[in-house]
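Asks: This is the structure I want to talk about, given as structure tokens.
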Amino acid sequence: MVASTFEELAPALPNEMAGLRRKLIQWLSELPLDPDSTHDITLATYEALANVAAHAYPDGHGWARLQASRAGDAVTVTVTDTGCGIPATRPRVAGLRTSGGRGLLLIDQVTDQSDIDSSTKGTTVRMTWRPAALRDADPS
1 MVASTFEELA PALPNEMAGL RRKLIQWLSE LPLDPDSTHD ITLATYEALA NVAAHAYPDG
61 HGWARLQASR AGDAVTVTVT DTGCGIPATR PRVAGLRTSG GRGLLLIDQV TDQSDIDSST
121 KGTTVRMTWR PAALRDADPS
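For the sequence shown, UniProt numbering assigns the number 1 to the initial residue and increments by one for each residue that follows.
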């Protein structure tokens, strides 16, 4: 029986984010997903986790929460931190003269839906996919 939810909390450090990615891949491997969907989910999630490690905690101390769920034909992944937030002036489109900015654009491109809620008290990135394989699979 495949668990319909997954949740982990880890220090916001690059090696810990890689560990969360491996745990997500293991959970995803139990779902009837095609390789392209698994790749897109893993890629976007790791971008969100990498942003936490790189930007959320300027003092270097904080946590990242990774939650994933399957409901019907959708997989939703949420990455949450309690860090400094994304500046309102930060562009959502990568430019030649900016450092970074590509992760959020990539997330937009490989998800069916993505929402970002950010303030000085933290950021939540919620990403949803509706892979064709899940529309045909028995949810039980």
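Backbone N, C-alpha and C fix where the C-beta goes; we use that ideal spot for every residue, glycine too.
Can you tell which of G19, G122 and L134 has the C-alpha that lies nearest to the C-alpha of A88?
Replies: Among G19, G122 and L134, the Cα nearest to that of A88 belongs to G122.
Asks: Please go through the same chain and pick out, in chain order, the residues whose beta-carbon is closer than 8 Å to the beta-carbon of S118, but skip the five residues on each side of it.
Replies: Counting only Cβ-Cβ distances below 8 Å, and skipping sequence neighbours, we find G85, I86 and T124.
Asks: Within a Cβ cutoff of 8 Å, which residues of the same chain sit near L13, ignoring the five residues on either side of it in sequence?
Replies: Here the set comprises A53.
Asks: Hey, how far is the Cα of L96 from the Cα of L106?
Replies: Model confidence at L96 stands at a pLDDT of 43, short of 50, so the residue's coordinates are unreliable and nothing is read from them.
Asks: For D115, which of helix, strand or coil comes out of DSSP?
Replies: Three-state DSSP puts D115 in a strand.
Asks: Is D73 helix, strand or coil by DSSP?
Replies: The answer is coil: DSSP assigns D73 none of H, G, I, E or B.
Asks: If you draw a straight line from the C-alpha of L66 to the C-alpha of A74, how long is it?
Replies: Distance between the alpha carbons of L66 and A74 is about 17 Å.
Asks: Just mark A44 as buried or exposed, buried being the case when its beta carbon has 16 or more other beta carbons within 10 Å.
Replies: Label assigned to A44: buried.
Asks: Taking just the CA atoms, how far does D34 sit from M17?
Replies: Using only the alpha carbons, I get a separation of about 24 Å.
Asks: Just reading off the alpha helix (DSSP H) that E16 is part of, what are its end residues?
Replies: Unbroken alpha helix (DSSP H) run through E16: P14 to S29.
Asks: My output table needs one value for D40: the three-state DSSP class, helix, strand or coil.
Replies: D40: helix per DSSP, three-state reduction.
Asks: In whole angstroms, what is the alpha-carbon distance linking D115 and H61?
Replies: One C-alpha to the other measures close to 25 Å.
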